[in-house]
Structure formats: structure tokens, C-alpha cells
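Notes for the one structure printed next.
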Amino acid sequence: MLKNIKDVDQYIAVQPVAIQERLEKLRQTIKAAAPDAQEVISYNMPAYKLNGMLLYFAAHTNHIGLYPMAAGIEAFKDELTKYETSKGTVQFPYDRSIPIGLVKKIVKFRAQQNIEKAAAKKKK
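Residue numbers (the working numbering): 58 to 181.
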């Protein structure tokens, strides 16, 4: 596991060159889908916050993990059947392209969830 990562640029830069482009594309997709989200490093992984944590991503030996929380996986379980998933994670193997359209939908869904949750808290 990487330690003392300061920002997402550094996280991507220390990855193998062959993976850097994929990570940057994923990063740009997330930023385009949730332009108001704050990019941070959390648990030594790139993460995005918008009224709370939206999601994380990380490079692994054979895949990129996307961590959109359990709700982000559950809401798109039918579209994620081609990928390994667990309660809050989906794995995008390096030998297949990242489904950019699906990632955008997941990010937008999570952003909307957090916005609605924050609005509900304000009403209380």
C-alpha cells in the first residue's frame, strides 16, 4: 500500500506507466460527472467529497477498484454483472476498458444521493 500520498496527481504518478492513463481517465470522468466534488486523498486513495464522501478509487495488481459505497453498487447491479463486485466495490480489470458511461451514471447517482441527504438534514 502506498503511504504518505499528498494528492491525486502524486497517487497517479507513482503507479505503473501502463495504468496511469486509465487512472487519469477515470479521474476526469468523475470530475466531469461531479464538478463540485472536492478531490482528496483518504485512506491513501483518491476520493471525492460532496456533502460527504461520494466515492474512492484505487489501482490494484489486476484491476482498478471503484468504491461508490453500497448504494452505488446496489443501484447499478444489473449493469455491473460483467464485473466482480462486493457490497461497496466494483473491479475494472486491466484487460478490459473502463465503462466510462456507467461510471458517470454511478457518480451522478451518488452525488444526487448526497445532495438529497444534505437537503433533508437542513430541513430538520
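For every residue, glycine included, the Cβ atom is placed at its ideal position computed from N, Cα and C.
(request) Below 6 Å CB to CB, which residues in the same chain sit around residue 146 once its five sequence neighbours on both sides are set aside? (result) Looking up residue 146 in the sequence shown gives position 89. So the list reads 122, 124, once near-sequence residues are dropped.
(request) Measure the C-alpha to C-alpha separation of residue 113 and residue 103 and round it to an integer number of angstroms. (result) Counting from one through the sequence shown, the residue named residue 113 turns up at place 56. Counting from one through the sequence shown, the residue named residue 103 turns up at place 46. Rounded to whole angstroms, residue 113 to residue 103 spans 6 Å at the Cα level.
(message) Taking the alpha-carbon of residue 101 as reference, which of 76, 111, 116, 133 has the nearest alpha-carbon?
(response) Here the question's residue 101 lines up with position 44 in the sequence shown. Residue 116 is the option with its Cα nearest to residue 101.
(message) Taking the beta carbon of residue 167 as the centre, do at least 16 other beta carbons fall within 10 Å, making it buried, or is it exposed?
(response) Walking along the sequence shown from the start, residue 167 turns up at place 110. With 16 or more Cβ atoms within 10 Å of its Cβ, residue 167 is classed as buried.
(message) Rounded to the nearest angstrom, what separates residue 99 and residue 84 at their Cα positions?
(response) Working through the sequence shown from its first residue, we reach residue 99 at position 42. Working through the sequence shown from its first residue, we reach residue 84 at position 27. When rounded, the distance between both Cα atoms is 15 Å.
(request) Check the C-beta distance from residue 108 over to residue 171 and give it rounded, since I have them as a contact under 8 Å. (result) Position 51 of the sequence shown, counted from the start, is the residue given in the question as residue 108. Position 114 of the sequence shown, counted from the start, is the residue given in the question as residue 171. Contact flag correct, Cβ pair sits at about 4 Å.
(message) Suppose only complete runs of 3+ residues qualify. What are the beta strand (DSSP E) ranges in the segment 75–159, listed by chain order?
(response) 95–99, 102–106, 110–116, 120–124, 141–143, 146–150
(request) Can you have a look at residue 138 and say buried or exposed, based on whether 16 or more other CB atoms are within 10 angstroms of its CB? (result) Indexing the sequence shown from 1 puts residue 138 at position 81. Label assigned to residue 138: exposed.
(message) At the level of alpha carbons, what is the spacing between residue 155 and residue 87?
(response) Locating residue 155 in the sequence shown gives position 98, counting from the first residue. Locating residue 87 in the sequence shown gives position 30, counting from the first residue. Going by the C-alpha atoms only, they are around 12 Å apart.
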